[in-house]
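Residue numbers (this note's numbering): -11 to 270.
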């Protein structure tokens, strides 16, 4: 039996536990412990060692505006989920990519559902539905959470799109409670990092530099607040109550190495979160 918690895997042995800290791109680090105090010490030491390593990311300045596709701007995109759901968009565009031929796109479409399932970010009981369009394919992910109106809900990945241009787009619900969706400065970087790792785990973009961008709609009941998974708020102040100003989105001016979808996901997710909150302030 394997227990997972916060990226750390515990495998029971006959006489001791083995701690395994996993990184999809770089492999596995192992250590053992016999008491909870020893485990805590080694986990802290291991995380400090990871933090002290140099950044795996490499950045390059963009020379022209990238051809990003924003789902919220796509007139053909239908509203997704209930009216209470506000979806966080993350886009990954490979640089200097010629796009996919019809044959290549067909091959990716045939494997897209199994790729999504194989990321292990989706619960086994969640249904996946494949939709084809002229310029992209979409896998929508059924919400595995049973919604109770007064219970807080964590953010969940709900959709992934693959465009003929090579762009991968991931949409996720934001954390929410009975007062609406929440942009939490603490939770958002982690959610964006998870979405980046999910995009990398699809195994579609495998080399070169990429461009990443994120955005949230301005309409709907979204507020900047702290998400508490155990208690709903009693009041909230929506960002743009009663009006829409389009979409808050990051404006990328750099490309980044593929490590952004693996080891560097936390760093890039933090950068995207800061840039998005900067857009909110302006």
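Don't be surprised by glycine CBs; every beta carbon is placed ideally from N, CA and C.
Assigned exposure category for residue i - 16 Cβ within 10 Å defines buried
i, result
"residue 124", "buried"
"residue 95", "exposed"
"residue 159", "buried"
"residue 165", "buried"
"residue 194", "exposed"
"residue 157", "buried"
"residue 92", "exposed"
"residue 61", "exposed"
Length of the line joining the Cα atoms of residue i and residue j
i, j, result
"residue 254", "residue 178", "7 angstroms"
"residue 50", "residue 78", "19 angstroms"
"residue 219", "residue 99", "40 angstroms"
"residue 190", "residue 183", "11 angstroms"
"residue 73", "residue 97", "27 angstroms"
"residue 206", "residue 83", "28 angstroms"
"residue 210", "residue 143", "13 angstroms"
"residue 264", "residue 173", "10 angstroms"
"residue 175", "residue 181", "10 angstroms"
"residue 141", "residue 59", "23 angstroms"
"residue 106", "residue 248", "20 angstroms"
"residue 250", "residue 109", "14 angstroms"
"residue 259", "residue 268", "14 angstroms"
First and last residue of the uninterrupted beta strand (DSSP E) at residue i
i, result
"residue 47", "47 to 49"
"residue 76", "75 to 82"
"residue 147", "145 to 151"
"residue 112", "First-last for residue 112: undefined, no H or E at that position."
"residue 203", "197 to 205"
"residue 193", "Taken as a continuous stretch (DSSP letters only), residue 193 belongs to no beta strand (DSSP E), as it is neither H nor E."
"residue 159", "156 to 161"
Run of the alpha helix (DSSP H) containing residue i, from where it starts to where it stops
i, result
"residue 97", "90 to 106"
"residue 185", "175 to 189"
I want to know whether the segment 195 to 206 touches the segment 238 to 247 - three or more CB-CB distances under 8 angstroms.
yes
Could I get the ranges of all uninterrupted beta strand (DSSP E) runs contained in the segment 224 to 255, with 3 residues as the minimum, in chain order?
235 to 237 and 242 to 245
Do the segment 251 to 266 and the segment 53 to 63 make contact, defined as three or more Cβ pairs closer than 8 angstroms?
no
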